[in-house]
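Novice: Have a look at this one before I ask anything.
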Amino acid sequence: MPLTEIALIIIAVALCVLVLTMIPTLLAVKRTAGSVEELSKMLQNELKPTLRELSGVLAELKVVGGGVAEHTDDVKRFMSALGETGTNLNTINRSVGVVTGVLSATSIWATGAKVAGKYIVERYLKKRGGM
585 MPLTEIALII IAVALCVLVL TMIPTLLAVK RTAGSVEELS KMLQNELKPT LRELSGVLAE
645 LKVVGGGVAE HTDDVKRFMS ALGETGTNLN TINRSVGVVT GVLSATSIWA TGAKVAGKYI
705 VERYLKKRGG M
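Per the numbering used here, the very first residue in the sequence shown carries number 585; after that it's consecutive.
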């Protein structure tokens with residue numbers, strides 16, 4: 585047998601061994617490809633409704649955001665009016681305090697005048713009665 589024939593036999597045996605070892609690998613790659621395809625289909629089926637819902641939610645958020653932006657001026661006006669009301673209540677409170685002070689002072693003066701008047705009348709009556 586010539587050397588070339590031996591080399592061809594060795595090459596043929598090596599190719600057979602290579603093919604036999606590659607078959608399980610090729611079968612595993614085929615199963616993996618099938619699993620990836622199933623996963624892709626499942627994701628497409630699951631994600632389509634979710635993406636539709638997400639689009640709807642985003643549209644609603646835009647509407648709500650627009651409504652909030654529209655009412656921002658109303659809130660600012662309300663807060664301004666609330667601040668003015670607080671200022672007015674503070675002014676009224678100070679005015680009531682001043683009036684209360686005046687009434688208290690007037691009451692003290694009236695009590696003082698009453699006592700002084702009583703004292704003067706008693707002294708006058710004593711002088712008159714003693715004459």
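From the three backbone atoms N, C-alpha and C, an ideal C-beta is built for every residue, glycine too.
Quick check on MET663: does DSSP put it in helix, strand or coil?
Specialist: For the purposes of this step, residue 663 is taken as the residue at position 79 of the sequence shown. Of the three classes helix, strand and coil, the one that applies to MET663 here is helix, per DSSP.
Novice: Distance check for GLU621 and THR605, CA to CA, integer angstroms please.
Specialist: Here the question's residue 605 lines up with position 21 in the sequence shown. Here the question's residue 621 lines up with position 37 in the sequence shown. Their backbone Cα atoms lie some 25 Å apart in a straight line.
Novice: If we ignore side chains and look at the alpha-carbon of each, how far apart do GLY640 and VAL680 end up?
Specialist: Mapped onto the sequence shown, residue 640 falls at position 56. Mapped onto the sequence shown, residue 680 falls at position 96. C-alpha separation (whole angstroms): 58 Å.
Novice: Rounded to whole angstroms, what's the CA-CA distance from ARG643 to ILE607? Just pull it up for me.
Specialist: As a working mapping, residue 643 is identified with position 59 in the sequence shown. As a working mapping, residue 607 is identified with position 23 in the sequence shown. The residue asked about is misnamed: residue 643 is Ala in this sequence, not Arg. Whole-angstrom Cα-Cα distance: 53 Å.
Novice: Could you compute how far the alpha carbon of CYS600 sits from the alpha carbon of LEU623?
Specialist: Position 16 of the sequence shown, counted from the first residue, corresponds to residue 600. Position 39 of the sequence shown, counted from the first residue, corresponds to residue 623. Their Cα atoms are separated by approximately 35 Å.
Novice: Below 8 Å CB to CB, which residues in the same chain sit around ALA694 once its five sequence neighbours on both sides are set aside?
Specialist: Translated into positions along the sequence shown, residue 694 becomes position 110. Contacts found: none.
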